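These notes concern the structure reproduced below.
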Amino acid sequence: MQLPDVWFWLIAVLWTGYFFLEGFDFGVGVLTRLLARGEKERRLLINTIGPVWDGNEVWVITAIGATFAAFPEWYATLLSGFYLPVLLILVALILRAVAFDYRGKRDDARWRRNWDRAIFFGSVVPAFAWGLIFANLVRGVPIGPDHNYAGGLTDLLSPYALLGGVVTLALFTLHGTVFVALKTVGPIRERARALATRTALVTAVPFGAFLIWTQSEHGTAPSLGALLVGAAALAAATLANRAAREGWAFVWSGVAIVAVVAMTFLTLYPDVMPSSLNPAWNLTVDNASSTPYTLTIMTWVAAFITPVVIGYQAWTYWVFRRRIGTQHIPDDAHPTVPAPAQTPAVPTVPAPAQTPAAADPAVAADPAAGTDPTPATR
0 MQLPDVWFWL IAVLWTGYFF LEGFDFGVGV LTRLLARGEK ERRLLINTIG PVWDGNEVWV
60 ITAIGATFAA FPEWYATLLS GFYLPVLLIL VALILRAVAF DYRGKRDDAR WRRNWDRAIF
120 FGSVVPAFAW GLIFANLVRG VPIGPDHNYA GGLTDLLSPY ALLGGVVTLA LFTLHGTVFV
180 ALKTVGPIRE RARALATRTA LVTAVPFGAF LIWTQSEHGT APSLGALLVG AAALAAATLA
240 NRAAREGWAF VWSGVAIVAV VAMTFLTLYP DVMPSSLNPA WNLTVDNASS TPYTLTIMTW
300 VAAFITPVVI GYQAWTYWVF RRRIGTQHIP DDAHPTVPAP AQTPAVPTVP APAQTPAAAD
360 PAVAADPAAG TDPTPATR
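Counting in numbering that gives the first Met the number 0, the sequence shown runs from 0 upward without gaps.
Structure, rendered in structure tokens:
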């Protein structure tokens, strides 16, 4: 296997890690409007992902950075062709990050409601848009002979691409619901389990339709294996959740996400971005890659950094592995700082009349008055 092929699959692994980890983050953000009842439960949901959500986004930064370095033509065509969806994702992610930090800055219900809407928006939009983008990669987009995007926005909104967005949104919501059941105790855990069962049943229809459509139009023998694994994983997640085995339900819902990402890259390879205008204009692993020297340097850097990142994230999840409940959320979650007490006004005492300066310029005060003499000049 040549270095361009190695980096294609490494990028696939990075995207897989991102969707597995950030998927439940997005799902929890969706649940702040669907599952939580009251302020304490919303804070509880946010606290389940509080220590890890920003670390999960390292995966997408690394994936896009690796694409830029290893496949610069793929990077350029992808981000120019999907300019509007990528812009929406960036705006949503920034708004979501700000909302996590600012919703607790004021003891104001309206203030918190507005930031809760921002969290919901910042979770739904990326969850849908990423599915739209990757479904278009599988389907093919209008790419000219110069490897530039030659279409418009409507070319990205095909029924297949929209179905891909619905599937990722549904899968991430299911993944987040199972994660909440895994991380919480009390009534919210039971409601999360019940909602996870309903979400799995709703997800099964678009999920199955998307896998079958992908396999029939673009599939290969390896992608058929991913299809079967994905279908089995969704069924296993449903059964594990009904049996109150939240840990296994979370694993299997994650496997379903991994299967979809694997199927995407298995149908793409050896292309990285097929052209719907002419197969001769496809961006491939070979014609879109960087020089061998660049790929060699990247390989050595990745071999050193990747274990460190994985080890750090594993340690983070281990430290924050315990369940939490509403009893861990203080009643006064947004304490108001009392205003300082007003002191009565003190009447102003007029200043004493200034006495004429002493004749001796070396003395500015009379020692007999009880003050130390202060030299007038230093």
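The beta-carbon is built from N, C-alpha and C at its ideal position, and this holds for glycine as well. Computed from a predicted model, the values in this text were never measured in an experiment.
Q. Which word fits residue 108, buried or exposed, when buried means at least 16 other C-beta atoms lie within 10 angstroms of its C-beta?
A. Working through the sequence shown from its first residue, we reach residue 108 at position 109. With fewer than 16 other Cβ atoms within 10 Å, it is exposed.
Q | Reference residue 276; option with closest CA among 232, 148, 63 and 229 | A | As a first step, residue 276 is located in the sequence shown; it is residue number 277 there, counting from the start. Of the candidates 232, 148, 63 and 229, the one whose C-alpha sits nearest the C-alpha of residue 276 is 148.
Q) Start and end of the beta strand (DSSP E) containing residue 270? A) Locating residue 270 in the sequence shown gives position 271, where the first residue counts as 1. Element bounds for residue 270: 270-272.
Q: Going by DSSP, name the residue or residues bridged to residue 298.
A: The residue given as residue 298 occupies position 299 in the sequence shown. Partner(s): none; residue 298 has no beta bridge.
Q: Just mark residue 125 as buried or exposed, buried being the case when its beta carbon has 16 or more other beta carbons within 10 Å.
A: Looking up residue 125 in the sequence shown gives position 126. Answer is buried; the Cβ neighbour count reaches 16.
Q) Under the three-state reduction of DSSP, which class applies to residue 265: helix, strand or coil? A) For the purposes of this step, residue 265 is taken as residue 266 along the sequence shown, with counting starting at 1. Of the three classes helix, strand and coil, the one that applies to residue 265 here is helix, per DSSP.
(Q) Could you give the first and the last residue of the continuous alpha helix (DSSP H) run that contains residue 39? (A) By one-based count along the sequence shown, residue 39 stands at place 40. Segment 38-48, the alpha helix (DSSP H) holding residue 39.
Q.
Looking only at its chain, what residues have a beta carbon closer than 8 angstroms to the beta carbon of residue 217, apart from the 5 residues adjacent to it on each side?
A. On the sequence shown, residue 217 is found 218 positions in, with the first residue counted as 1. Cβ contact annotation for residue 217 (same chain, cutoff 8 angstroms, sequence separation greater than five): 137, 138 and 266, in chain order.
Q) When the Cα atoms are used, what is the spatial distance from residue 44 to residue 55? A) Position 45 of the sequence shown holds residue 44. Position 56 of the sequence shown holds residue 55. Cα-Cα distance, rounded: 17 angstroms.
Q: Scan the stretch 162-245 and note each continuous alpha helix (DSSP H) run of 4 residues or more that stays entirely inside, going in chain order.
A: Taken in chain order, the complete alpha helix (DSSP H) segments of 4 residues or longer contained in the stretch 162-245 are 186-217 and 220-241.
**Q.** Which listed residue (155, 61 and 286) has its alpha carbon closest to that of residue 128
**A.** In the sequence shown, residue 128 corresponds to position 129, counting from 1. If we check each option's Cα against that of residue 128, 155 comes out closest.
Q. Is there contact here, the stretch 152-169 with the stretch 288-308, by at least three beta-carbon pairs under 8 angstroms?
A. In short, these stretches do not touch, since the Cβ pair count stays below three.
**Q.** Spatially closest choice to residue 79 from 297, 272 and 300, by CA coordinates
**A.** Counting from one through the sequence shown, the residue named residue 79 turns up at place 80. Residue 79 has its Cα closest to that of 272, out of 297, 272 and 300.
Q) How many angstroms separate the CA atom of residue 63 from the CA atom of residue 142? A) As a working note, residue 63 is residue 64 in the sequence shown. As a working note, residue 142 is residue 143 in the sequence shown. Their backbone Cα atoms lie some 20 angstroms apart in a straight line.
Q: Check whether the Cβ atoms of residue 135 and residue 195 lie closer than 8 angstroms to each other.
A: Reading the sequence shown from its first residue, position 136 is the one you call residue 135. Reading the sequence shown from its first residue, position 196 is the one you call residue 195. Contact flag unset, no.
Q. Going by alpha carbons, who is nearest to residue 283 out of 76, 39 and 220?
A. Position 284 of the sequence shown holds residue 283. Looking at the Cα atoms, 76 is the closest of the given residues.
Q: Give the C-beta separation of residue 260 and residue 18 to the nearest angstrom, bearing in mind that I take them to be a contact with Cβ-Cβ under 8 angstroms.
A: Here residue 260 corresponds to residue number 261 of the sequence shown, with the count starting at 1. Here residue 18 corresponds to residue number 19 of the sequence shown, with the count starting at 1. The pair is a contact, with the Cβ atoms about 6 angstroms apart (cut-off 8 angstroms).
Q: Keeping to the same chain, check which residues put their C-beta closer than 6 angstroms to that of residue 122; ignore five residues upstream and five downstream.
A: Translated into the one-based positions of the sequence shown, residue 122 becomes position 123. Counting only Cβ-Cβ distances below 6 angstroms, and skipping sequence neighbours, we find 25, 28 and 29.
Q) Helix, strand or coil: how does DSSP classify residue 338 here? A) Here residue 338 corresponds to residue number 339 of the sequence shown, with the count starting at 1. Because the pLDDT of residue 338 is 40, which lies under 50, any placement of that residue in the model is unreliable, and the question is left without a value.
Q) residue 322 and residue 183: beta carbons closer than 8 angstroms? A) Position 323 of the sequence shown, counting from 1, holds the residue named residue 322. Position 184 of the sequence shown, counting from 1, holds the residue named residue 183. Contact check for residue 322 against residue 183 passes: the beta carbons are separated by less than 8 angstroms.
Q.
Out of 35, 304, 325 and 163, which one is the CA nearest neighbour of residue 263?
A. Position 264 of the sequence shown, counted from the first residue, corresponds to residue 263. Cα-wise, what sits closest to residue 263 is 163.
**Q.** From 2, 188 and 131, residue whose alpha carbon lies closest to that of residue 70
**A.** Stepping through the sequence shown from its first residue, residue 70 is reached at position 71. Sorting 2, 188 and 131 by C-alpha distance to the C-alpha of residue 70 places 2 at the top.
Q: Report the option in 53, 166, 193 and 296 whose CA atom is closest to the CA atom of residue 208.
A: Within the sequence shown, numbered from 1, the residue matching residue 208 stands at position 209. Comparing Cα positions, the closest option is 166.
Q. DSSP puts residue 9 in a beta bridge; with which residues?
A. Taking the sequence shown and counting its residues from 1, the one referred to as residue 9 is at position 10. Answer by DSSP bridge pairing: none, since residue 9 is not bridged.
Q: Decide if the stretch 4-18 is in contact with the stretch 293-312; the criterion is three or more beta carbon pairs, one per stretch, under 8 angstroms apart.
A: In this structure the stretch 4-18 lies against the stretch 293-312, because at least three pairs of beta carbons, one per stretch, are closer than 8 angstroms.
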